[in-house]
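Asks:
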Amino acid sequence: IPAVARRGDVVLSARGIGVSFGDREILAGVDLDVRAGEVVALVGPNGAGKSTLLSVLAGDREPSAGTVLVSGAPVAAWTGIELAMRRGVLPQRSDVSFPFTVEQIVRMGREPWRNTDREDADDDVYDWAVRVTDVSALTRRDFPSLSGGEQARSALARVLAQEPGLLLLDEPTASLDAKAEASFFRVLGEATRERGTTVVLVLHDFAGAARAATHAMLMRGGTVMASGAADEVLTAARLG
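The numbering used here puts the first residue of the sequence shown at 135, with every later residue one more than the last.
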């Protein structure tokens, strides 16, 4: 069972990340350090390589060059379960073909802790996750029947129930209207404050990034243009 990171500890590190498809270079020389308690937004125009980088950080895609460390060890050194104990991933779309209920979806997040001491907390963590994401009234509903905003909050509840120290979110509000997007960011902020979770998220909306993030990395053409505190990176001059 992983130890809880102290605020300021580096929980995710990337050095010299490169990704190529044939002769096409998607990422080149990307470096990133993410510290416990930060909310880091990866921003930039379409085709900047943000989602590709997130998939490399998650361990879902092997880079052509460079290394990724999660909790101080190479991402490939962890087993699937060990990695799931340390980082949770929320993809752009949460497609569920079978009529699972919201309760079933959220409880799936507890799978990494089966047969560990943390299993005893399953019900308490589930109750917290559905409360903090405001989906308590939806738990008996089938996931495919929900609106886009309800699905987004339910999917967030699942990954929060997983209790990873690090959350990786790929454009979680891309399909939401302004009201649902504001609700999602409010929920995410409350959840991360309560548990001290570290977040890296890809966002297409610079204004949303400025509201949600403590830190930001601006990407363009597969390279890093700027990185640092969100208010220093997401300036009108740089984003204009």
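Even for Gly, the Cβ is constructed at its ideal location relative to N, Cα and C.
1) Between ALA375 and GLY222, which are expected to be in contact by the criterion C-beta below 8 Å, what is the C-beta distance as a whole number of angstroms?
2) If you follow the alpha helix (DSSP H) that THR186 is in, where does it begin and where does it stop?
3) Who pairs with ALA343 in a beta bridge, going by DSSP?
4) Using a Cβ-Cβ cutoff of less than 7 Å, which residues in the same chain neighbour VAL264 once the five nearest sequence positions on both sides are dropped?
5) Assuming ILE135 is part of the beta strand (DSSP E), what are its boundary residues?
6) Measure the C-alpha to C-alpha separation of GLU297 and ASP257 and round it to an integer number of angstroms.
7) Can you give the Cα-Cα distance for THR186 and GLU159, rounded to whole angstroms?
8) Quick check: the stretch 188-205 against the stretch 136-148, are there 3 or more CB pairs under 8 Å?
9) Going by DSSP, what residue range makes up the beta strand (DSSP E) through VAL269?
10) Assuming ALA312 and ALA175 form a contact by the criterion Cβ under 8 Å, report the distance between their Cβ atoms to the nearest whole angstrom.
11) Look at the alpha carbon of VAL209 and the alpha carbon of SER154, and state the distance between them as a whole number of angstroms.
12) Where does PRO208 sit, in a helix, a strand or coil, going by DSSP?
Replies: Looking at the atomic coordinates:
1) This structure gives no information on residue 375, because the portion of the chain shown stretches from 135 to 374.
2) On the sequence shown, residue 186 is found 52 positions in, with the first residue counted as 1. Segment 184-192, the alpha helix (DSSP H) holding THR186.
3) Counting from 1 along the sequence shown, the entry for residue 343 is found at position 209. The partner list for ALA343 (beta bridge, DSSP) is empty, contrary to what the question assumes.
4) Numbered from its first residue, the sequence shown carries residue 264 at position 130. Sequence-distant partners of VAL264 (beyond 5 residues in either direction) whose C-beta falls short of 7 Å from its own C-beta, in its chain, are VAL240, SER270, THR273, ALA291.
5) Locating residue 135 in the sequence shown gives position 1, counting from the first residue. Element bounds for ILE135: n/a, residue is neither H nor E.
6) The count along the sequence shown starts at 1 and reaches residue 297 at position 163. The count along the sequence shown starts at 1 and reaches residue 257 at position 123. Their Cα atoms are separated by approximately 13 Å.
7) By one-based count along the sequence shown, residue 186 stands at place 52. By one-based count along the sequence shown, residue 159 stands at place 25. Going by the C-alpha atoms only, they are around 11 Å apart.
8) In this structure the stretch 188-205 lies against the stretch 136-148, because at least three pairs of beta carbons, one per stretch, are closer than 8 Å.
9) The residue given as residue 269 occupies position 135 in the sequence shown. No beta strand (DSSP E) contains VAL269, which DSSP labels as neither H nor E.
10) Translated into positions along the sequence shown, residue 312 becomes position 178. Translated into positions along the sequence shown, residue 175 becomes position 41. Contact doesn't hold; Cβ gap of about 18 Å is too wide.
11) Counted from its first residue, the sequence shown places residue 209 at position 75. Counted from its first residue, the sequence shown places residue 154 at position 20. Taking the straight line joining both Cα atoms gives about 19 Å.
12) Position 74 of the sequence shown holds residue 208. Of the three classes helix, strand and coil, the one that applies to PRO208 here is strand, per DSSP.
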